[in-house]
Structures are given as structure tokens and as C-alpha cells.
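**Q** Chains G and R are the protein sequences, given in the same order. Those letters in the first sequence? Residues 100 to 419, by the working numbering. Those letters in the second sequence? Residues 482 to 689, by the working numbering. Before I ask anything, let me first share the structure, which is written out below as C-alpha cells.
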Amino acid sequence: MRKKPVLHAIPVASLLDRARSRVLPWAIMKTHPEFSKWVLELIRRTSVDLSADIEGALQHAKTNENPGSPAASAFESVLENVALARKQSTPICQDTGTNIFFVYHPAGLSQRKMEHDIEAAVVEATSKSYLRPNSVDSLTGANSGNNLGRGLPSIHFHEWDKEEILVRLMLKGGGSENVGAQYSLPNTALGAGRDLKGVEIVVLDAINKAQGKGCAPGIAGVCIGGDRGSSYLESKVQLFRKLDDRNQLPELRELEERLYRKSNLLEIGPMGFGGRTTTLGVKIGVLHRLPASYFVSISYMCWACRRREMRIKNGGMTID
Amino acid sequence: MTRIELPASAESIAALKTGDVVKISGVMITARDAGHKFLVEHFIERSPQPDEAELFRKLSSLLRGGVIYHCGPVVAKDNGSWRFVSAGPTTSIREEPYEHKIIEAFGVRGIVGKGGMGEKTLEACKRFKAVYLHAVGGAASLIASSVVEVLDVHKLEFGVPEAFWVIRVKDFDAVVTMDSHGESLHKKVEETSTRHLDAIIKEIIQGK
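If you want it as C-alpha cells, here you go:
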């Protein structure tokens, strides 16, 4: 009798090859001819060149620490590293994380073709050492070696009305991801009820539990509501916002400011060495929820907050 | 600032105190999740098998008086030789179930990582004269520039991040956050921040 094939025994690469070998009408699948090359550049920039808002906040934080303290020396190393990575075009952090893409595109473009182009760019970026091979088979422990795998890279497509393509990329490191947390309110142990006071309490609890383990000073991306899955995803989407971006909703704007101020009273400091800067920002989104559920999800982003976006329009591209 | 030359003596390690800023030079070896599990299961919980005797001998001589670096680097290969491109520390607490056994069995004098470790490691540091050294998480390109040479790699089949990389470092920056006298900066910081948190939560609940 023939042995039934076991799904997990099939290497990921062959699954991907098989998906592609289905006769796809590549010729009529529209995307931009330079798309893959430009995504490669987006990956490089995201990995090696920290955004100006984050670097500025780190520079400011350094001036708040006592000269000669472990906290001050941590900020000095961080800033020296940021400059060196940019100059050498080498990864700011060796953990180049989960590669999370959000693609917003006009009607008529092929998502399968874009997915293919993004995967090709990820493989190329790995061979150029902009990315560490970071995709591990959870059953066998084998590293795919090229950052492809089941669910990796993580790509989210959205069709929109604009005549341009927006590709957002976040490199979300594992150390910071491990200290993320999801609370189901009410939480009796903390005294957190189903209201914004309860949200405030659990976000502070998560930041305190993280200590230096997620590479403080971090940025807390928060989502109130949703289900367990959508809530975590929205908490990550919040991390794309610039540090100076002010929330459109007044009650959330106030909560963000309050949490930013209070989290910095914890004295966890950079790397958990103790110090005056524990977070660089708190960004909060909100989703509708079921009557029975009240989730608060916190995605912790390390100081090496690597996220950028690329706009493709009028035959050219810009990266911010 | 204190200089540590590897291999380190018990006396030089005992002189270090929490909060000391150090520069490490010499040969160290990287190990993270798969490496720690391997060391404990293959060399501590059983005797080295004949086909692993050579690896055991090599690793033992590196670890005696040596330093384990919790790191999964980005590497590049130029003309057949490896180079560290980006190599900051990974979160150490995942190795807490293994580290105390490794410190005891191999005579390791230092652990370099980030985020600190727990009671078992702190106790082993005290009993066997070792320290935990905190490197700056995320400062990976800068740290890679203090790795002057990649001497060898073992168990590359674990994947690039998980392999044992044998490296020569010069002036590798770190801060002592757990010393061989039972002191842990991490414990202190957490106690302080939790005290602050409790006070803040009380205020929120009381509506202040």
C-alpha cells in the first residue's frame, strides 16, 4: 500500500515551487517591472537605516541620562551603532525579525505576482546579508536559509482607490516579539476593568514585565478590542505611525500621552539598566469587539524600530 | 573601565562588581537555544559519544575559563572565509534552564547576552565564580566591528543563528549586571519598577 504523504514532510521550497508551477499567466499579470528590485531596496533601507524620528528620540534620551552611567553608555553605543550601520550598509540589529509587509494597491494588479516578487526580494536580501536567515521549520528545527517558509514573509494586501502602490515593511525582532502580551479584561489580579483605566493598567503592566528584555526603550503598539488575532495585528499596524503622529481620537490621544509619561516613571531605562527613558512612545488603535470579549493587545517594539514605507507612482518610487 | 583577557582566571572574575564597564578581548564562542540544549543533552546528561569526542574536546578547551556569547549573527563569506556582519546579543533568559549546568560542567567564567538571567544562573555565578555581562541589545553592527576574526564554526547544520561560532574579539564592550557575589542589577531594577507600577496603578484605580 502506498504510504500517505505527510504534509509536514514536504519541504517548503517545493510547496512554493509547486504553487508557482501552476501555469500562471505571468505575461498578463500586471505589476511594476521594477517592483522586486525596489522591494529589495526597501528591505535594505529598513534593515540598515533607522528612521529619523526614532534616531532623534534616542539622541534626546541620551541627554537625559547621567554621563558615565550604564544607561548613558548604552545610548552612546546605540547611536554609534545606528551611524555605523547606515555608513556600512549593514543590519542595525542581527535579528532582522519577521518580515511583515503591508501592500496597498489599485485595482487590477496581481497579488500573486507581487507576492512572488516580494519573496524573490527577500531571498536576494538574505544572500546580500541585509537579512539573517530567520525562518525555522517549527517541527524539524531546520532553517530554510532564505527567509521563506510557511507564513513567511508575512504579507497583507489591501486594494484601494489611489493610483499608487504603498508598500510598508516592518522587521519585527524576536526578543521584542516575545515580550508582547494580550490581556482579556476584566483582569482581577491587576484590578483592571473594561474601560480605559483598565487599558492603562494592563499596558503599564506589560511594559513592566518586559523590563529590558525587549531592548528598551521600546515603543508600545496597542490595540483595544478585536478578536485575539485581529487585535494583535492592529497593535503592530500602530507601530508604523511616526512618533510625533497624534491620534485622531481625543480620548486615545490623551491615553497615549498619559501612558508615555507614566511608563517613563518606571525607571527601567535602556536595556533595563535603570534610567529615565523606558519607552519612546505609545500608539493605540481600536477595533470593534464582541459583547463577550474585551482584549487589549500590546506589541512591544525595540528601540531598533525598523519600519519604512515605499510609494510607487508615476513610474518612480520614494522610500520614507 | 576594566579589561578582561580570555581565558579568565577565577580571581579576575571575582574582582568584578555589578555596574562595572568592561572590555573583553580573546577567543569566545557563540551559543544560543539549540547550542545550549545540545551541550546539556550530549555532554552533560551523558558521556560524549565516540563520534562527538573531537567536538567535545574542542568545545571544552574553549569553554574552560572562557565566555559564551548569546548571539545569532548575520554572517558573510568572502573568498571562503566567514565574517561577522551584524552580531548583537540575543535575549538570555531562554537559556536559564541550561546555563547553570554548563557553567558548572565546563568551568565557564562569563556569559554575554542581554536582558539578564534568573536565580539558577546567579547562584551558579556565585558558586563557580562566573559573571553575566550585558552587551547592548541591537548595537549589532558596532559589536560586529569588535569581532576581528571568525576562527571556526561548529554545528552549522543548526542554521547560521544557532551554530557555535568561534570568534576572536578585541575590546568587546559590556556591563557587568550579575556578579559572582550574588548581586544582580536586573533584580534591583525590577524591584524598583514594580514598586513604581504598584503606586501608579493605585492612583489610576483611585481616579487620580
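Using N, Cα and C, we set each Cβ at its ideal position, and we do this for glycine too. What you are looking at is a predicted structure, and each value in this text was computed from that prediction instead of being measured.
Which of the three DSSP states, helix, strand or coil, is assigned to G/N277?
**A** Counting from 1 along the first sequence, the entry for residue 277 of chain G is found at position 178. Three-state result, G/N277: helix.
**Q** Name, please, each residue of chain G whose Cβ falls closer than 7 Å to the Cβ of R/E671.
**A** Counting from one through the second sequence, the residue named residue 671 of chain R turns up at place 190. Chain G residues near R/E671: Q310.
**Q** Using a Cβ-Cβ cut-off of 8 Å, state whether R/K504 counts as contacting chain G.
**A** As a position in the second sequence, residue 504 of chain R is number 23, starting the count at 1. Look at R/K504: its C-beta is not under 8 Å from any C-beta on chain G.
**Q** Please check if any C-beta of chain G sits within less than 8 Å of the C-beta of R/T483.
**A** Sequence index remark: in the second sequence, residue 483 of chain R carries index 2 (1-based). No, because no Cβ of chain G sits closer than 8 Å to the Cβ of R/T483.
**Q** So the candidates are R/K607, R/L520, R/D633 and R/S573; which of them puts its Cα closest to the Cα of R/L497?
**A** Translated into the one-based positions of the second sequence, residue 497 of chain R becomes position 16. The shortest Cα separation from R/L497 among R/K607, R/L520, R/D633 and R/S573 belongs to R/K607.
**Q** Round the Cβ separation of R/V670 and G/I318 to the nearest angstrom and send it over; I've been treating them as touching at under 8 Å.
**A** Stepping through the second sequence from its first residue, residue 670 of chain R is reached at position 189. Stepping through the first sequence from its first residue, residue 318 of chain G is reached at position 219. Rounded to whole angstroms, the Cβ separation of R/V670 and G/I318 is 20 Å, and the two are not in contact under 8 Å.
**Q** Of all the residues that make up the stretch 185 to 200 of chain G, which are near chain R by a beta-carbon distance shorter than 8 Å?
**A** Q187, T189, P190, I191, C192, Q193, D194 and T195
**Q** Between the beta-carbon of G/R52 and the beta-carbon of G/Y229, is there less than 8 Å?
**A** Coverage of chain G is limited to positions 100 through 419, which leaves residue 52 of chain G absent and any answer about it impossible.
**Q** For R/G516, I'd like the list of residues in its chain whose CB is within less than 8 Å of its CB, leaving aside the five on either flank, ordered along the chain.
**A** Indexing the second sequence from 1 puts residue 516 of chain R at position 35. Cβ within range, chain order: K636, F639, E643, A644 and F645.
**Q** Would you call the stretch 393 to 400 of chain G and the stretch 330 to 339 of chain G in contact, with 3 or more CB pairs under 8 Å?
**A** yes
**Q** With a threshold of 6 Å on Cβ separation, who are the neighbours of G/R267 within its own chain once the five nearest residues in sequence on each side are excluded?
**A** Taking the first sequence and counting its residues from 1, one reaches residue 267 of chain G at position 168. Taken in chain order, the residues that qualify are F201, F339 and E408.
**Q** When you check each C-beta in the stretch 565 to 594 of chain R against every C-beta of chain G, which residues fall closer than 7 Å?
**A** V566, S567, A568, G569, T571, T572 and I574
**Q** For the beta strand (DSSP E) that contains R/K651, what are its first and last residues?
**A** The sequence position of residue 651 of chain R within the second sequence is 170, counting from 1. Element bounds for R/K651: F645 to M659.
**Q** Assign R/S528 to buried or exposed, taking buried as 16 or more other Cβ atoms, counted over all protein chains shown, within 10 Å of its Cβ.
**A** For the purposes of this step, residue 528 of chain R is taken as the residue at position 47 of the second sequence. Exposed, because fewer than 16 other Cβ atoms sit within 10 Å of the Cβ of R/S528.
**Q** Comparing alpha-carbon positions, which option in R/H667, R/I494 and R/F519 lies nearest R/I583?
**A** In the second sequence, counting from the first residue as 1, residue 583 of chain R sits at position 102. For the residues R/H667, R/I494 and R/F519, the minimum Cα distance to R/I583 belongs to R/F519.
**Q** Give me the Cα-Cα distance between R/S541 and R/A605, rounded to the nearest whole angstrom.
**A** Position 60 of the second sequence, counting from 1, holds the residue named residue 541 of chain R. Position 124 of the second sequence, counting from 1, holds the residue named residue 605 of chain R. The straight-line gap from Cα to Cα measures roughly 18 Å.
**Q** Less than 8 Å separating the beta-carbons of G/G313 and G/G373?
**A** Taking the first residue of the first sequence as position 1, residue 313 of chain G is located at position 214. Taking the first residue of the first sequence as position 1, residue 373 of chain G is located at position 274. Not closer than 8 Å, so no.
**Q** For G/I300, which residues in chain R fall below 7 Å Cβ to Cβ?
**A** To locate residue 300 of chain G, count along the first sequence from 1; it is residue 201. Correct list: I682 and I685.
**Q** Strictly by DSSP, which residues pair up with G/I254?
**A** The residue you call residue 254 of chain G lines up with position 155 of the first sequence. In the DSSP output, where bridge partners are listed per residue, G/I254 has G/F200.
**Q** So, does the CB of R/V656 fall closer than 8 Å to a CB anywhere in chain G?
**A** Looking up residue 656 of chain R in the second sequence gives position 175. Under the Cβ distance rule, R/V656 counts among the residues neighbouring chain G, one pair being separated by less than 8 Å.
**Q** Any idea what DSSP makes of G/A126, helix, strand or coil?
**A** On the first sequence, residue 126 of chain G is found 27 positions in, with the first residue counted as 1. Bear in mind that a pLDDT of 42 at G/A126, under 50, signals an unreliable position, so the number given afterwards is only what the model happens to contain. Residue state, collapsed to three classes: helix.
**Q** Thinking R/F565 and R/I648 are a contact (beta carbons under 8 Å), I'd like their distance in whole angstroms, please.
**A** Along the second sequence, read from residue 1 onward, the residue named residue 565 of chain R stands at position 84. Along the second sequence, read from residue 1 onward, the residue named residue 648 of chain R stands at position 167. Yes, R/F565 and R/I648 are in contact; Cβ-Cβ is about 7 Å, under 8 Å.
**Q** Can you check whether the CB of R/S573 is closer than 8 Å to the CB of R/V555?
**A** One-based indexing of the second sequence puts residue 555 of chain R at position 74. One-based indexing of the second sequence puts residue 573 of chain R at position 92. Going by C-beta atoms, R/V555 is not nearer than 8 Å to R/S573.
**Q** Let me check understanding here. Comparing Cα to Cα, which of G/N163, G/V278, G/K186 and G/D216 lies closest to G/K136?
**A** The residue labelled residue 136 of chain G in the question sits at position 37 within the first sequence. Considering only alpha carbons, the answer is G/D216.
**Q** Hey, does R/D675 have any beta-carbon neighbour from chain G nearer than 8 Å?
**A** On the second sequence, position 194 is the one that residue 675 of chain R refers to. Asp is not the amino acid found at residue 675 of chain R; the sequence shown has Thr there. Residue-level contact by beta carbon holds for R/T675 and chain G, with a gap shorter than 8 Å.
**Q** Does R/I685 come out as helix, strand or coil in the three-state DSSP assignment?
**A** Here the question's residue 685 of chain R lines up with position 204 in the second sequence. Correct three-state label for R/I685: helix.
**Q** Taking the straight line between their C-alpha atoms, what separation do you get for R/G507 and G/Q347?
**A** Walking along the second sequence from the start, residue 507 of chain R turns up at place 26. Walking along the first sequence from the start, residue 347 of chain G turns up at place 248. So the alpha carbons of these two residues sit roughly 54 Å apart.
**Q** Quick test of the definition: if touching needs 3 or more C-beta pairs under 8 Å, does the stretch 295 to 307 of chain G touch the stretch 592 to 600 of chain R?
**A** no
**Q** So which of G/A156, G/S188, G/A291 and G/V222 has the shortest CA-CA distance to R/G688?
**A** Indexing the second sequence from 1 puts residue 688 of chain R at position 207. Among G/A156, G/S188, G/A291 and G/V222, the Cα nearest to that of R/G688 is on G/A291.
**Q** Using only alpha-carbon positions, find the residue among G/L178, G/R293 and G/I418 that is nearest to G/T162.
**A** Your numbering for residue 162 of chain G matches position 63 in the first sequence. Of the candidates G/L178, G/R293 and G/I418, the one whose C-alpha sits nearest the C-alpha of G/T162 is G/L178.
**Q** For the stretch 393 to 408 of chain G, enumerate the residues whose C-beta is nearer than 7 Å to any C-beta of chain R, in chain order.
**A** If the cut-off is 7 Å between Cβ atoms, the stretch 393 to 408 of chain G has C401, W402 and A403 near chain R.
**Q** Considering R/H635, what are the terminal residues of the alpha helix (DSSP H) in which it resides?
**A** By one-based count along the second sequence, residue 635 of chain R stands at place 154. Note, R/H635: premise wrong, no alpha helix (DSSP H); beta strand (DSSP E) at V628 to H635.
**Q** What residues in the stretch 614 to 630 of chain R have a beta carbon less than 9 Å from any beta carbon of chain G?
**A** H615, A616, V617, G618, G619, A620, A621, S622, L623, I624, A625 and S626
**Q** Taking a contact to mean a Cβ-Cβ separation below 8 Å, would you say G/V302 touches G/V278 in this structure?
**A** Residue mapping note: residue 302 of chain G aligns to position 203 of the first sequence, counting from 1. Residue mapping note: residue 278 of chain G aligns to position 179 of the first sequence, counting from 1. Contact: no.
**Q** Cα separation between R/G597 and R/E535?
**A** Along the second sequence, one-based indexing puts residue 597 of chain R at 116. Along the second sequence, one-based indexing puts residue 535 of chain R at 54. Cα to Cα, R/G597 sits roughly 32 Å from R/E535.
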